[in-house]
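The structure appears right after this line, and notes come after that.
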């Protein structure tokens, strides 16, 4: 089972995320506060990288494809909010339209209560080509869940722990 990195939410992160986005809707999102949730994940990732002594450069609006440049890698943060902490059986979803985004890896985050968990990471090609992943169509129902938009899904058990992220960044 995957061990997550659990961080308490800094009240300043909430204030900044609300100031930047409030409850603005990302035009392609199906979640009302997607930009707020995404910004919270980005701030937690930046904090984690600083704690690890790594310089993560926030791209902001300079790139619509990825959130951070770290060494020579383009990292996109994927954050979702749940009512419970990570428990092992957790489906990661990325909208199908993002399959061809220009990034190198995804870092997956979970917000619940007053905590953000960094679940782990995967190089982009492994997420989209993983033998245990599946494509879901808009409106498809699987295991009682109706998919609102076409997406790629993969169980979080296939993520790589953040302990190995430094060696991933070092690799050419």
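In our numbering, the protein residues as written are 21 to 192.
We put the beta carbon where it would ideally sit given N, CA and C, even for glycine.
- In the DSSP assignment, residue 126 forms a beta bridge with 96 and 142.
- C-alpha of residue 101 to C-alpha of residue 190: approximately 30 Å in a straight line.
- Residue 110 holds the alpha-carbon nearest to the alpha-carbon of residue 130 among 142, 110, 122 and 149.
- The three-state reading of DSSP puts residue 101 in strand, counting E and B together.
- Using a C-beta cut-off of 8 Å, the region 114-130 makes contact with the region 60-74, since at least three inter-stretch Cβ pairs fall below that distance.
- Ranking 161, 166, 143 and 153 by CA distance to the CA of residue 188 puts 143 first.
- Residue state for residue 71 is assigned as helix, using DSSP reduced to three classes.
- Taken through DSSP and simplified to helix, strand or coil, residue 157 comes out as coil.
- As the crow flies, the alpha-carbon of residue 79 is around 25 Å from that of residue 24.
- In this structure, the straight-line span from the alpha carbon of residue 181 to that of residue 89 is close to 19 Å.
- Annotation: residue 188 is outside any beta strand (DSSP E); the continuous alpha helix (DSSP H) that includes it extends over 185-190.
- Within the same chain, Cβ atoms closer than 7 Å to the Cβ of residue 156 are found at 162, 167, 170, 171 and 173, the five residues on either side in sequence being excluded.
- For residue 89, the enclosing beta strand (DSSP E) has its first and last residue at 88-90.
- For the pair residue 85 and residue 97, the Cα-to-Cα distance works out to about 10 Å.
- Comparing alpha carbon positions, the residue from 27, 54, 29 and 28 closest to residue 40 is 54.
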